[in-house]
Amino acid sequence: MPTAIIADDERLMRDLLRTRLGQVWPELEIVGEAKNGDEAVQLVGELQPDLTFLDIRMPGKTGMEAARDIGDASQVVFVTAYDQYAVEAFERGAIDYVLKPPEPERLKITVERLKERLQERAKSAAGGAVAKPDGAANANLGDTVTAMLSQLAEKIAAPKPKYLQWIQASIGQDLRMIPVEDILFFRSDEKYTCVQTEKFEALIRKPVRDLAEELDPSLFWQIHRATLVNVNAIEGVTRDIRGRHLVLVKGRPDKLEVSRSFLHLFKQM
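Right under this line is the structure:
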């Protein structure tokens, strides 16, 4: 049974990758998780996993720095949220990667590639050769990746945003990672918080008061104790016959009530 560890400083992303891998590769055993590159290197030494899923940008050792230390001890799979240029670089270098958030259909492609490489290693071992990860992918891995991604050095070196970038939400029996910029508004009731996008509605258990502290206040305005709205989704503000101020949401019939204590946000509009 193949084994792997996951290294990402975001717990939600580790959980989602573990879940998605379980769906598309149930035989894969996740034997450990790390919150940074240093922990990843330590776990590889202790557990000797066949595969190591490394987030590129982590505190302490980055994924690239950890990959240099890991070398041939485990086949490295980079986890990246970067754009198409980075993906093209990975493809040219025959290095395995997973895009954030990991979607099952795209993850299947990576899994099939990994299975083939593990089979090649098993055949080499059975034939008496020393089994090592794919040479094109892992030979001089650190130098290869550094060269390929030199145009992205500033992004990789930049500190992570201090605000939430993703929301993990339930849609029926499924979990989805939703980019915060795609969310029109959050609205809470006594038990759940509704996450509304242009295409669907999802549910989370985190209350608005907690979200308000974790989201970028320049992107999301709290307009009510139970409501946060994406500034870019605001079409306008109107008043009803009771004198209440209501936010109109672009492309939606929803009208979100504005509490008196938050009216000052709209004086500039």
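So the sequence shown is numbered by our numbering: it starts at 171 and just counts up by one. Every residue, glycine too, gets a C-beta built ideally from N, C-alpha and C.
Our contact map puts Ala210 next to Ala236 with C-beta atoms below 8 Å; I'd like the distance itself, whole angstroms only.
As a working mapping, residue 210 is identified with position 40 in the sequence shown. As a working mapping, residue 236 is identified with position 66 in the sequence shown. Yes, they are in contact, since the Cβ atoms of Ala210 and Ala236 sit about 5 Å apart, within 8 Å.
Does the stretch 361-378 come close enough to the stretch 387-402 that 3 or more CB-CB pairs lie under 8 Å?
Because the criterion of three Cβ pairs below 8 Å is met, the stretch 387-402 and the stretch 361-378 touch.
Kindly give me the distance between the Cβ atoms of Arg204 and Leu213, rounded to whole angstroms, as I take these residues to be in contact under 8 Å.
Walking along the sequence shown from the start, residue 204 turns up at place 34. Walking along the sequence shown from the start, residue 213 turns up at place 43. One point to set straight first is that residue 204 is Ala, not Arg, in the sequence displayed. That belief holds up - the Cβ atoms of Ala204 and Leu213 are roughly 5 Å apart, short of 8 Å.
Under 8 Å, do Tyr333 and Asp386 count as touching if we go by C-beta distance?
Position 163 of the sequence shown holds residue 333. Position 216 of the sequence shown holds residue 386. In contact: Tyr333 and Asp386 (Cβ atoms closer than 8 Å).
For Arg346, which residues in the same chain have their Cβ closer than 7 Å to its Cβ, ignoring the five residues on either side in sequence?
In the sequence shown, the residue the question calls residue 346 occupies position 176. Excluding residues within five positions, the ones whose Cβ falls inside 7 Å are Ala339 and Ala372.
Is any non-hydrogen atom of the ligand FMN found closer than 7 Å to the C-beta of Ala292, if you look at the structure I gave you?
What this structure holds is no ligand at all, so the ligand FMN is not there to describe.
Start and end of the alpha helix (DSSP H) containing Met228?
The residue you call residue 228 lines up with position 58 of the sequence shown. That residue, Met228, is in no alpha helix (DSSP H); it is neither H nor E in DSSP.
Can you look up Ile240 in the DSSP assignment and give me helix, strand or coil?
Within the sequence shown, the letter at position 70 stands for residue 240. If DSSP states are grouped into helix, strand and coil, Ile240 belongs with the helices.
Looking only at its own chain, which residues have a Cβ that is under 8 Å from the Cβ of His415, when we skip the five neighbours before and after it?
As a first step, residue 415 must be located in the sequence shown, where it is residue number 245. Cβ within range, chain order: Val407, Thr408, Arg409, Glu427, Val428, Leu433 and Phe436.
Using a 10 Å radius around the Cβ and a threshold of 16 neighbouring Cβ atoms, would you call Glu351 buried or exposed?
To locate residue 351, count along the sequence shown from 1; it is residue 181. The residue in question, Glu351, is exposed, as its Cβ has fewer than 16 Cβ neighbours within 10 Å.
Out of Asp220, Pro219 and Thr250, point me to the one whose CA is closest to Met234's CA.
To locate residue 234, count along the sequence shown from 1; it is residue 64. Checking every option, the nearest Cα to that of Met234 belongs to Thr250.
Roughly how many angstroms lie between the CA atoms of Arg291 and Met228, to the nearest whole one?
Within the sequence shown, the letter at position 121 stands for residue 291. Within the sequence shown, the letter at position 58 stands for residue 228. Approximately 29 Å between the Cα atoms of the pair.
Straight-line CA distance for Thr280 to Val247?
Counting from one through the sequence shown, the residue named residue 280 turns up at place 110. Counting from one through the sequence shown, the residue named residue 247 turns up at place 77. Taking the straight line joining both Cα atoms gives about 9 Å.
How about Leu269 and Asp220: are their beta carbons less than 8 Å apart?
As a position in the sequence shown, residue 269 is number 99, starting the count at 1. As a position in the sequence shown, residue 220 is number 50, starting the count at 1. Cβ atoms of Leu269 and Asp220: not closer than 8 Å.
Report yes if the C-beta distance between Leu389 and Pro272 is below 8 Å; otherwise report no.
For this step, residue 389 is matched to residue 219 along the sequence shown. For this step, residue 272 is matched to residue 102 along the sequence shown. In this structure, Pro272 does not lie closer than 8 Å to Leu389 by Cβ.
For Phe370 versus Ile341, is the C-beta spacing smaller than 8 Å?
Translated into the one-based positions of the sequence shown, residue 370 becomes position 200. Translated into the one-based positions of the sequence shown, residue 341 becomes position 171. Yes, the pair counts as a contact, with Cβ atoms nearer than the cut-off.
Give me the Cβ distance between Ile200 and Ile226, rounded to the nearest whole Å; I'm assuming they're in contact under 8 Å.
Taking the sequence shown and counting its residues from 1, the one referred to as residue 200 is at position 30. Taking the sequence shown and counting its residues from 1, the one referred to as residue 226 is at position 56. 19 Å between Cβ atoms; not a contact.
For Pro274, name the three-state secondary structure that DSSP assigns.
As a working mapping, residue 274 is identified with position 104 in the sequence shown. If DSSP states are grouped into helix, strand and coil, Pro274 belongs with the helices.
Anyone know if the C-beta pair for Asn400 and Ile353 falls short of 8 Å?
Walking along the sequence shown from the start, residue 400 turns up at place 230. Walking along the sequence shown from the start, residue 353 turns up at place 183. In this structure, Ile353 lies closer than 8 Å to Asn400 by Cβ.
Can you name, in chain order, every residue of its own chain whose Cβ lies under 7 Å from the Cβ of Arg422, other than the five neighbours on each side?
Walking along the sequence shown from the start, residue 422 turns up at place 252. Once the five neighbours on either side are set aside, the close Cβ partners of Arg422 are Leu354.
Please list, in chain order, all residues of the same chain as Val194 whose beta carbon is under 7 Å from its beta carbon, the five residues on each side excluded.
On the sequence shown, residue 194 is found 24 positions in, with the first residue counted as 1. For Val194, where only same-chain residues beyond five positions count, the Cβ hits under 7 Å are Pro274, Leu277, Lys278 and Val281.
Could you compute how far the alpha carbon of Tyr267 sits from the alpha carbon of Glu360?
Here residue 267 is taken as the residue at index 97 of the sequence shown, counted from 1. Here residue 360 is taken as the residue at index 190 of the sequence shown, counted from 1. Rounded to whole angstroms, Tyr267 to Glu360 spans 41 Å at the Cα level.
Counting C-beta neighbours from all protein chains within 10 Å, is the total for Gln245 16 or more, i.e. buried, or is it exposed?
Indexing the sequence shown from 1 puts residue 245 at position 75. Gln245 is buried by the Cβ-count criterion.
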